[in-house]
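Engineer:
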Amino acid sequence: MPLRAARPIDVPAHPRFAGFAPFYQREILPWLIEKEAARRKAVRRAAIAVAVTTALIAGFQALAFGVFGMGFEVAVIVFGAVPAFLGGGAAWMFLTMFRAEMKGFLLPKIAERLKLDYTGPSTMFPFDAFYGTGMLPRHDRHTLEDGIASDEAGILFEAAEAKLAVRRTTKNGGTSYNTVWRGLLFAARTPRPFKGITLVMPERGFVARLFERDPGERIALGLGELEDGLEIRTTLPEEARMTLTDRVMRRLHELQRRLGADRPSLALAGDRALMAIRSKKDRFEGGSLFEPLDDPARIEALLLEFADIFDLADALGQALKLERARAPAGDAPAAR
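Its first residue numbered -1, the sequence shown is counted upward by one per residue in this note's numbering.
1) Could you give the first and the last residue of the continuous alpha helix (DSSP H) run that contains Arg245?
2) Is it true that the stretch 13 to 26 meets the stretch 108 to 117, where meeting means three or more beta-carbon pairs spaced less than 8 Å apart?
3) What residues match up with Tyr22 in a beta bridge as DSSP calls it?
4) Classify Phe103 as helix, strand or coil using the three-state DSSP reduction.
5) Would you list the residues sitting across from Lys161 in a DSSP beta bridge?
6) What residues in its chain sit with their C-beta under 8 Å from that of Asp8, if we drop five residues either side in the sequence?
7) I'd like to know whether the C-beta atoms of Ile307 and Ala157 end up nearer to each other than 7 Å.
8) Per the DSSP calculation, Leu228 is bridged to which residue(s)?
9) Out of Arg165, Gly181, Ser263 and Thr177, which has the shortest C-alpha to C-alpha gap to Gly145?
10) What did DSSP end up calling Ile275 once you bin it into helix, strand or coil?
11) Ends of the alpha helix (DSSP H) at Ala267?
12) With distances taken from CA atoms, which of His12, Lys319, Lys33 and Pro13 is nearest Thr188?
13) Could you pull out every residue in the same chain whose Cβ sits closer than 8 Å to the Cβ of Val164, ignoring the five residues on either side in sequence?
14) Could you round the C-beta distance between Glu201 and Gly227 to whole angstroms and report it? I think they count as a contact, below 8 Å.
15) Give me the Cβ distance between Leu134 and Ala274, rounded to the nearest whole Å; I'm assuming they're in contact under 8 Å.
16) Under 8 Å Cβ to Cβ from Glu34, same chain only, skipping five residues before and after it: list those, please.
17) Check Thr51 in the structure and name its three-state DSSP category.
18) In chain order, what residues of the same chain lie with their CB nearer than 8 Å to the CB of Thr168, ignoring the 5 residues before and after it?
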């Protein structure tokens, strides 16, 4: 029996989502229904891989201790850790392959409908602009994914998910990478280039140390509670005070309240306004693979993540009047 959507899909109120409900019924739901069997197969294979691995480990351990009389450490490594790694890797592969296929359909499809360019790994994303301002921690490697770009509504912006990692040397001389920062990076063009660099960040002990790569002084705007919990640093105080007006800081305060724990950091540098929003989870993943694909909540959650981007663009655009920005001659519509 074919699947049917349990209920009509709810879409965000932002104008970009006008007409999305019938689009979902026409263009997305049929694909999800078609792929439900493949999802179940991927989950079933992953479960079998875990079950077989568990049984093998139990059998190997019984042989190791009862028949071969192996030492505890050797038995755990050879007949425990190694099979667990291989079996877990197989289960992860089955699920990852299907998730990649699902995201490869959903994200470009939804982005196109919302008049966005889905750029995927975002190789052209201006990551160096973020790192150059000192708003991101030092790291040894970074990855970007799920990039989107827009020139609609007069605001030129790009956004991407980022993960930053530092290299660690293990006891046996190997190398591992630990994630030190993950979150959303958002870059928008400004009507006029800034002469200095200004940072507005959550007040933390490491902020001053990060900013050493681009010397700047800490300033106060005299705006009372709108500055509470924030650290403002700039290489050009006069420009910073002219830009970070009561209206701008109030907009940022409202945005921070909406984001909750994911507190944003703002940098004004060159012809861009940059925002970094740290997060504990990945965005744009398309929901759990252990739930039916036709559940409207799957797409609703994805749409809310796109809506967050639009809300961010609107808030920043209204605060800094970004709708007047224009791409430099020869540039693509979105910021590069």
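Note that the Cβ used here is the ideal one computed from N, Cα and C, for glycine as well.
Structural biologist: Let me lay it out:
1) Asp244 to Leu257
2) yes
3) Tyr22 pairs with nothing; no bridge assigned.
4) helix
5) Thr141 and Arg180
6) Pro294 and Glu298
7) yes
8) Pro200
9) Gly181
10) strand
11) Run containing Ala267: none in the alpha helix (DSSP H); it sits in the beta strand (DSSP E), Pro262 to Ala267.
12) Lys319
13) Arg136, His137, Asp138, Tyr175, Asn176 and Val178
14) 5 Å
15) 6 Å
16) Leu1, Pro290, Leu291 and Asp292
17) helix
18) Ser174
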